[in-house]
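What follows is a set of notes on a single structure, which appears directly below.
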Amino acid sequence: MANKTHTRLDLTEAVYREVGLSRNESAELVESILGHVSDALVKGETVKISSFGTFQVRQKGARMGRNPKTGEEVPIEPRRVLVFRPSHILKDKINDALSG
């Protein structure tokens with residue numbers, strides 16, 4: 163498996179090569195899309211990208227945790243967490259790439 167981390171710059175370059183926009187326009191497009199996605203998630207909305215997956219913010223309640231080093235019980239505050247659920251198409255692509 164490759165250990166490359168893809169960045170905004172990589173996405174911008176891909177848009178530049180595939181779509182043919184200028185580098186500046188490609189960067190603006192990537193920033194705009196990521197901005198729309200993050201704004202929706204901040205509002206608690208679900209973001210579903212067909213054939214890719216679903217991003218959702220989930221509310222987790224308060225609970226008691228335990229410090230693994232000392233064994234001491236520690237309260238964990240309620241919080242919101244981001245959850246990504248890949249589509250079946252993306253899962254199949256990943257599994258096909260691993261097996262083939």
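Residue numbering for the sequence shown follows my numbering, starting at 163 and increasing by one per position.
Every residue gets a Cβ at the ideal spot worked out from N, C-alpha and C, and that includes glycine.
Next on the checklist: Between which two residues does the alpha helix (DSSP H) holding G197 run?
Outcome noted: Sequence index remark: in the sequence shown, residue 197 carries index 35 (1-based). It spans 185 to 204 - the alpha helix (DSSP H) in which G197 sits, taken as one unbroken run.
Next on the checklist: Can you look up T174 in the DSSP assignment and give me helix, strand or coil?
Outcome noted: Indexing the sequence shown from 1 puts residue 174 at position 12. Helix at T174.
Item to check | Limits of the unbroken beta strand (DSSP E) element including K255 | outcome: Numbered from 1 along the sequence shown, position 93 holds the residue referred to as residue 255. Segment 250 to 261 is the alpha helix (DSSP H) holding K255; no beta strand (DSSP E) there.
Item to check | L196 to I238 span [Cα, whole Å] | outcome: Locating residue 196 in the sequence shown gives position 34, where the first residue counts as 1. Locating residue 238 in the sequence shown gives position 76, where the first residue counts as 1. The alpha-carbon atoms of L196 and I238 are separated by roughly 30 angstroms.
Checklist entry - According to the neighbour-count rule (16 or more other Cβ atoms, all chains shown, within 10 Å of its Cβ), is T174 buried or exposed? => result As a working note, residue 174 is residue 12 in the sequence shown. Counting the other Cβ atoms within 10 Å of the Cβ of T174 gives 16 or more, which makes it buried.
Checklist entry - So who's on the other strand from K222, going by DSSP bridges? => result Position 60 of the sequence shown holds residue 222. In the DSSP output, where bridge partners are listed per residue, K222 has R241.
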